[in-house]
Every structure is written in structure tokens, then in C-alpha cells.
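Comments concern the structure below.
Numbering (UniProt numbering), first residue to last: 1 to 175.
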């Protein structure tokens, strides 16, 4: 048995490289690599990657956790600011288009969320000045329907669900 074949076996045992990868890396035939990959080495069941706790929590039931963000859609003209709200469990999207991105519009959105038929438990937003303002915090303080949390500072994964929803919404609008 050649040293290239032994090295290929060691590499496959370590990284599970397929037969073509073994053939390209070492001086063995594709059949030798395939034979080793299928018969000589037992394949363990793969484990799923996990995220650290708190990185991007999903709701455990409908309406448990909603994420909010503002995205810009230039083709909407004057109403180009779309205030996107998504349920992180069901992925239900509510996205009204508004003319402004500033605080009065955010205040209106929060009131609409409060008055809607949906009873939210938690709303998560990014750390922007509009979402952390005294007015919004006052609305949240007097509401018994939901709690408001902001994203983890300097962590782009904390808002991954809403960012993907923004991308999907824009892709659907292009169609």
C-alpha cells in the first residue's frame, strides 16, 4: 500500500473528503478513493450546527416574539420607508409603507401593533435611535401587551430573521 493511499485514508478519516477530493489531492485513482469512502470507513451521523443561546431567539409559539425594522424601497416613491414586522415563529409579515422613517412614524407603528388583533408578547428591534427613544420607551412602559428588547450591540446575527424578511420582501417586489 502506497504512502499516498495511507495519507488519503488519514485525511478522509479526519475531514470526510469525498473520492474526487482524495483523487485530486493524492496520487490515487478515483476508484481507490471511492472504495475507501464507501466500504472501509464507517460514517458517523452528522451533528447539526448550533447557535449560542441568545444570538437569534425564535418564538416558541405564535406571537411570542416579533422583530421590527425599517427598509427602504425606492420604487414606492414618497412612501419608500417600509416598516416591516415579522413573527419569528410563523414568519407572518406585516409591512406598511410610510413616507417617513422618523420617530412619529415609529410611534404610529407601535400604536398600530398595540391595537391590532394580534397580542404580541415581545418585540425585538435594533438599537437605532428611533427604537430606543424616550417616546417609544414610554409607550412600552404603559403597555401590558408586550415587552420591548433591542438587539445585541455589534452583533449582526441578532436581527437575522428580520433582515432575511427584508431581503425576501424586496425580491418579491422585483418579480
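Yeah, the Cβ is synthetic: ideal placement off N, Cα and C, and Gly gets one too.
Just so it is clear, the structure is predicted and the values come from calculations on it, not from any experiment.
Across the segment 27-38 and the segment 86-99, are there enough close Cβ pairs to call them in contact, namely three or more that are closer than 8 angstroms?
no
Can the beta-carbon of residue 64 be found closer than 8 angstroms to that of residue 124?
no
For the alpha helix (DSSP H) that residue 32 lies in, which residues bound it at each end?
30-35
Closest to residue 25 by C-alpha separation, out of 37, 16, 4, 14, would be which residue?
4
Suppose contacts are defined by Cβ-Cβ distances below 8 angstroms. Is residue 75 in contact with residue 169 by that definition?
no
Give the C-beta separation of residue 139 and residue 84 to the nearest angstrom, bearing in mind that I take them to be a contact with Cβ-Cβ under 8 angstroms.
At roughly 19 angstroms, the Cβ-Cβ gap does not stay under 8 angstroms, so residue 139 and residue 84 are not in contact.
Less than 8 angstroms separating the beta-carbons of residue 79 and residue 97?
yes
Which residue marks the beginning of the alpha helix (DSSP H) containing residue 138, and which one marks its end?
134-141
Any idea which residues DSSP pairs residue 83 with across the strands?
70
Whole-Å CB distance - residue 126 paired with residue 159, under 8 angstroms assumed:
6 angstroms
Nearest to residue 69 (by Cα), restricted to the options 7, 151, 171
151
Using CA atoms only, rank isn't needed, just tell me which of 92, 18, 175, 71 is closest to residue 61.
92
Start and end residues, beta strand (DSSP E) containing residue 148:
147-150
By Cβ distance, which residues of its chain are closer than 6 angstroms to residue 8, with the 5 residues on each side in sequence left out?
22, 26, 28
DSSP three-state call for residue 122: helix, strand or coil?
strand
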